[in-house]
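Asks: Counting in the working numbering, the sequence shown runs from 71 upward without gaps.
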Amino acid sequence: LGCTAQRHLRACTDVSDRMRRGAAFLASTKNATIAFQLANRAMQLQHEWDPQKAKTGSLIWRPFQLGFVLLAVQSVARREHSERSVMDLLWFPTGGGKTEAYLALTAFLMFYRRLESSYPNGGAGVAAIMRYTLRLLTTQQFSRAAAMVLAAEALRRRRFPGVPSDCDLGAEPFSIGLWVGGDATPNTFRGARDALTDPTLPSPKQILACPACRALLDWTANNPAQSIEARCPDKNCKLHHDTAPLPIWTVDEDVYAKRPTLLIGTVDKFAQIVRKVEVNELFAVHGEQPPDLIIQDELHLISGPLGTVVGMYEVIVDRLLTKDGVRPKVIGSTATIRRAEDQVSALFNRKTCQFPPPGLDAADSGFAVVDAGAPGRLYAGITTAGRSAKFTLQATAGSVLQSAATAFPDPKRADPYWTLVAYFNSLRELGGALVLMQDDVADAIRLYAGRRSESERDLAEIEELTSRRSQAEVRDMLDQLAIPAATDGSLDVVLASNMLSVGVDVPRLGLMLVNGQPKGIAEYIQATSRVGRRHPGLVLSVLNHAKARDRSHFESFSTWHQTLYRDVEATSVTPFASRSRDRALHATLVALVRHLVPGMLDKPDLTAAPSDALTAIIDDIVTRAHEIDSSEALVRVELEDRLEKWQFRAPTTYWNDHQPQRSLLQSAEWAATKRALGRSPGDAWPTLNNMRNVEPSSMFRLAEFLRDRNAKDGGDNAK
């Protein structure tokens, strides 16, 4: 106990010292003081524009939010600061306000870079990068971050008071860009222009309403400029401009051309660094000021195969954003994680500072106290013993849906429990439940209403929130979830997969049904935290008696839930393991050579590359691999072998799926398809197109019968 107390005391002392230094930096440095005031003003505007948050009054900073800003502000602002090599991890329960904390840091950095620049627009370009793992999370956070960026831009234009008269923020707009896959938003101007008139295509319209006045935005194609532009049509709106569009860029070609101040994307997209020459300019690899801040939200999701590959590509990101030996600052946030130090070390090769620091009392961190009198969430366990799993699900759903419609005569009181969020562990189970909700649950409601002498509830709106939904449908679903009870369009039931577990921030939700125990405790905590954020929440766990794990959780339901966070699993990330090296080590080598060695950006001609530059790149990768996992001793051997084969083959282009003999790289999926067809994939190295599909897939065709190759006809010799 004494050792534990000393360790916790040391952590608290380190954090408090850093916070004091951060406060002194803000107070003693003029530009930092002004940047902090402007960032606070931008966050206040963002809060006022949100109709849900505005009901609670003006923005009031929580102690942990201000504490985290003070902790990280100095290392974010000063490139030479020693704590750039420390990842500051914000650990706080879901719904506590982590997003506002790192958005405030981002706003501060945006203003500070402009104020510190020695000439106008010197601090322009990408200042911060936010990375997410799921497109649902990316969609909602993009909307929130866009409001902050547009508020900062309105301040730059001096549409609101509060900007000092002698403060020069440059002529380049503060802007935001969305950098995600082609299934979510178009990657080209031509595709985006077609999508504006074709609702079946991925749409560039990722924000529908103006954050300030809520008027529907006008999205148009500017053919001469080859860009997709959004404008607020309300001339009385502070964000309206007669000529300039809103600085929101959702098409890849616009992102590369505009270099937005804040870049938001999924981790999958960073696999394109190997392929896209435009990334060199986007990240200012050879420019004056590369991005200073990387924000990794929901850190616990970067684990397993995805985390392993992300850790390998993180070598590229870290090296490209390092200038004059100064690395970018990395911060992260999570609500459920264990052994964070090991995960951060494997992913980012950095030390970890967890905030708030762990103390001896779990109920009091010094920045937040558990309120024992608050309603919170009530968990109830339901077993299927004596009944089938299908009947139990049907009966439970029917009972709570009928009760929500009749227990509260006032629709406002019924609103938190009007929409039933049903969580499923697999799409197979969810698909069966969709039919169940439409037929059997309606029959159960009719039965309950008759027994209770109540008016029967009509299930009119039943939707699903899964990966099968397009990006536009997901965005519309989030808007529909916010529609209150007894209103046209209000959802009765939402059937969701693990897509729900992060990114859904709808305060009105208060009722959830969990069908079977999720595989991970972190997943269970994250998913059930989607309800009960503003009102008391009710979570019904239907546990299958035929499954040993479900039965065990039901038998110890109360005890287990009292210590729920204790059972969160540690994540596993092994970026330099042999299987990871097979898939991504060559991509790391090619990306660094292409973007860092002069003359290698457009053509893979190693004869033009200085040997000392190639040796330095290999040394950097090997050093990082040794620091992360010293047992992996074959990294140098494999890198030198790849470099030798590269030089021997002498490819003429970096990427060409249709000419593998001339190309250095090819799509892993394309190579797998050729192997499935019995053809040689060629000498080009198969390379991942994204980090989520680690195992490449290939198309197949089902044949009714096979023919003997030696058969001369299709008669008796056919098999």
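Where a beta carbon is used, it is the ideal one built from N, C-alpha and C, also for glycine.
Determine which residues share a DSSP beta bridge with P398 and list them.
Replies: Paired residue(s): none; P398 is not in a bridge.
Asks: Helix, strand or coil, according to DSSP, for E526 in the structure here?
Replies: Here E526 sits in coil by DSSP.
Asks: Report back the beta-carbon spacing between H615 and T454 to the nearest angstrom; my notes put them in contact at under 8 angstroms.
Replies: With 8 angstroms as the limit, H615 and T454 qualify as a contact, their Cβ atoms being about 5 angstroms apart.
Asks: In whole angstroms, what separates the C-alpha of L666 from that of E710?
Replies: Rounded to the nearest angstrom, the two C-alpha atoms are 18 angstroms apart.
Asks: Check whether the Cβ atoms of T723 and S733 lie closer than 8 angstroms to each other.
Replies: In this structure, S733 lies closer than 8 angstroms to T723 by Cβ.
Asks: Can you name, in chain order, every residue of its own chain whose Cβ lies under 6 angstroms from the Cβ of S187, other than the five neighbours on each side?
Replies: Correct list, in chain order: G193.
Asks: Pull up the distance between the alpha-carbon of P680 and that of P668, whole angstroms please.
Replies: Near 9 angstroms, if we compare the C-alpha coordinates of P668 and P680.
Asks: Once DSSP output is grouped into helix, strand and coil, what is the label at Q359?
Replies: Looking at Q359 - three-state DSSP - the assignment turns out to be coil, as it is neither helix nor strand.
Asks: With DSSP collapsed to three states, give me the class of I277.
Replies: Three-state DSSP puts I277 in coil, outside helix and strand.
Asks: Does the separation of the CB atoms of A241 and A177 fall below 8 angstroms?
Replies: Going by C-beta atoms, A241 is not nearer than 8 angstroms to A177.
Asks: Applying the 10 Å Cβ sphere with the 16-neighbour rule, what's the burial state of N293?
Replies: So N293 counts as exposed.
Asks: Can you give the Cα-Cα distance for R98 and L140, rounded to whole angstroms?
Replies: Note on identity: in this sequence residue 98 is Ser, with Arg being the wrong assignment. Roughly 14 angstroms between the two C-alpha positions.
Asks: Are there 16 or more other CB atoms within 10 angstroms of the CB of Y189, so buried, or fewer, so exposed?
Replies: That one is exposed.
Asks: Return the first residue and the last residue of the beta strand (DSSP E) that K421 is part of.
Replies: K421 to F425 is the extent of the beta strand (DSSP E) around K421.
Asks: Please find out if some non-hydrogen atom of the ligand SAM comes closer than 7 angstroms to the beta-carbon of A654.
Replies: Judged by which ligands are present, the structure shown has none, so any question about the ligand SAM falls away.
Asks: Taking N292 as part of the beta strand (DSSP E), name the residues at either end of that continuous run.
Replies: Run containing N292: D288 to N292, per the beta strand (DSSP E) assignment.
Asks: With a threshold of 16 other CB atoms inside 10 Å of the CB of V380, please say whether the residue is buried or exposed.
Replies: It counts as buried.
Asks: From E593 to S611, what does the alpha carbon distance come to, in whole angstroms?
Replies: Looking at the two C-alpha atoms, the distance is approximately 14 angstroms.
Asks: If you check the beta carbons only, do P492 and L583 fall under 8 angstroms apart?
Replies: Rather than Pro, the amino acid found at residue 492 in this sequence is Ala. Cβ distance < 8 angstroms, so A492 and L583 count as in contact.
Asks: Going by DSSP, name the residue or residues bridged to G247.
Replies: G247 pairs with W319 and L333.
Asks: Any idea what DSSP makes of K346, helix, strand or coil?
Replies: In the structure shown, K346 sits in coil (DSSP, three-state: anything other than H, G, I, E or B).
Asks: For R603, I'd like the list of residues in its chain whose CB is within less than 7 angstroms of its CB, leaving aside the five on either flank, ordered along the chain.
Replies: These residues qualify, in order along the chain: G165 and P577.
Asks: Suppose the cutoff is 6 angstroms on Cβ atoms and the five residues either side in sequence are ignored; what does the same chain contact list for R88 look like?
Replies: Excluding residues within five positions, the ones whose Cβ falls inside 6 angstroms are L141.
Asks: So P256 and P274 are in contact, right, with Cβ under 8 angstroms, and what is the actual spacing, rounded?
Replies: Rounded, the Cβ-Cβ distance is 6 angstroms, consistent with contact.
Asks: Buried or exposed: which applies to G559, given that a residue is buried once 16 or more other Cβ atoms fall within 10 Å of its Cβ?
Replies: When all chains shown are included, G559 counts as exposed.
Asks: Let me confirm a value: P272 is counted as buried when at least 16 other C-beta atoms fall within 10 Å, else exposed. Which label applies?
Replies: Buried.
Asks: With three or more beta-carbon pairs closer than 8 angstroms as the criterion, would you say the segment 647-663 touches the segment 382-390?
Replies: The segment 647-663 is in contact with the segment 382-390.
Asks: Going residue by residue through the segment 670-713, where are the continuous alpha helix (DSSP H) segments of at least 4 residues, counting only ones entirely within it?
Replies: Those alpha helix (DSSP H) runs which fall completely within the segment 670-713 and span 4+ residues are 681-698.
Asks: By the three-class DSSP mapping on this structure, what secondary structure does M157 have?
Replies: Note: M157 maps to strand in three-state DSSP.
Asks: What would DSSP say about P756, mapped onto helix, strand or coil?
Replies: P756 falls in the strand class under three-state DSSP.
Asks: Kindly list the residues whose CB is nearer than 8 angstroms to the CB of A224, restricted to its own chain and excluding five residues on each side of it in sequence; keep chain order.
Replies: Closer than 8 angstroms at Cβ, skipping near neighbours: L115, F230, A282, K308 and L309.
Asks: Would you mind reading off the limits of the beta strand (DSSP E) that contains N101?
Replies: Careful: N101 lies outside any beta strand (DSSP E), inside the alpha helix (DSSP H) at K100 to W119.
Asks: Go through its chain and collect everything with a Cβ distance to L500's Cβ below 7 angstroms, but skip five positions before and after it.
Replies: Contacts found: F494, E534, T536, L565 and S567.
Asks: Applying the 10 Å Cβ sphere with the 16-neighbour rule, what's the burial state of G520?
Replies: It is exposed - the Cβ of G520 has fewer than 16 other Cβ atoms within 10 Å.
Asks: By Cβ distance below 7 angstroms, which residues in the same chain neighbour A555 in space, the five residues on each side in sequence not counted?
Replies: P481, A484, D485 and W488.
Asks: Could you name each continuous beta strand (DSSP E) segment of 3 residues or more that falls completely within the segment 170-229, going from the start of the chain to the end?
Replies: 198-202, all fully within the segment 170-229.
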